[in-house]
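One structure below.
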Ligand code: TYD
């Protein structure tokens, strides 16, 4: 069986981690091999990015875009835990965030065309088979973040989250050739999981 490459996106607090775990269980129950991964990665660049996201060291949007690009190339090609080796081995790969996040987050304060071009034209960055965007309004996302987390990252303010959500929609309008499913994430965990399940099942026809 060939592995499929599925990406989860959404503003902070939209419920990606919970739904990734639900999808993992579903696919494993169907007898598929599943490989879960995330950006920023565990690489050295990923560590520098986490430091910047925590607000410990201020970086410009262009610096962040370039570092996320570098981290994403590593995420694809590294031979032990990379996306490409897992797909080769027949795993379904599920990534918590990918280049759509760079377009929405860094596209706000840097040149969005530059950010998109360097990611989409990079030969070592694989195009996903499916992007699942969990859509939740900024107010609900912020209240989930405040309930679940002790520390708040640089993007996790309600007005910023709202801008990023709008930017995601702008970005999706610029990507007619990508398979993007926008899922209303305001329902119960099981309701949202069911919607995701249907979209993922529709991939079977193509693979
Ligand atoms: P993380 O805590 O890993 O994710 P989450 O809060 O969604 O569980 O933080 C990821 C942060 O990095 C999130 O605020 C989005 C941001 N980000 C970018 O700005 N650009 C990118 O290209 C990626 C992958 C993430």
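In our numbering, the protein residues as written are 1 to 207. Just so you know, even glycine gets a beta-carbon here, dropped at the ideal spot from N, CA and C.
Exposure of residue 57 is indicated by the presence of fewer than 16 other C-beta atoms within 10 angstroms of its C-beta. Annotation for residue 39: 46, 68, 71, 72, 75, 95, 96, 97, 98 and 101 place their beta carbon closer than 8 Å to its own, counting only its chain and skipping 5 residues before and after. Of the candidates 42, 173 and 158, 158 places its Cα closest to the Cα of residue 13. Residue pairing by DSSP places residue 122 in no beta bridge whatsoever. Relative to the ligand TYD, residue 161 has its C-beta separated by 6 Å or more from all heavy atoms.
Fewer than three Cβ pairs drawn from the segment 128-135 and the segment 102-119 lie within less than 8 Å of each other, which leaves the two stretches out of contact. In this chain, residue 155 is not harboured by any alpha helix (DSSP H), its DSSP state being neither H nor E. Within a 10 Å sphere around the beta-carbon of residue 128 sit 16 or more other beta-carbons, which makes this residue buried. With a cutoff of 6 Å, residue 53 counts as near the ligand TYD, since its C-beta is closer than that to a heavy atom of the ligand. Counting along the chain, no alpha helix (DSSP H) covers residue 39, and no H or E run does either. Spatial neighbours of residue 168 in its own chain (CB-CB distance under 6 Å, excluding positions within 5 residues in sequence) are listed in chain order as 104. Per DSSP, reduced to three states, the secondary structure at residue 103 is helical. With 16 or more neighbouring CB atoms inside 10 Å of its own CB, residue 41 falls in the buried class. Here the C-alpha atom of residue 92 lies approximately 4 Å from the C-alpha atom of residue 3. With respect to residue 181, residue 192 sits apart: the two C-beta atoms are not nearer than 7 Å. Taking 8 Å as the upper bound for CB-CB distance, residue 83 and residue 37 are in contact here, some 7 Å apart. By DSSP's assignment, residue 95 forms a beta bridge with 7 and 37. Under DSSP, residue 190 shares a beta bridge with no residue. Taking the Cβ of residue 101 as the reference point, at least one heavy atom of the ligand TYD falls within a distance shorter than 6 Å. Counting only residues of its own chain and dropping the five nearest sequence neighbours on each side, residue 196 has a CB closer than 7 Å to the CB of 19, 23, 132 and 183.
Around the beta carbon of residue 28, fewer than 16 other beta carbons sit within 10 angstroms, so the residue counts as exposed.
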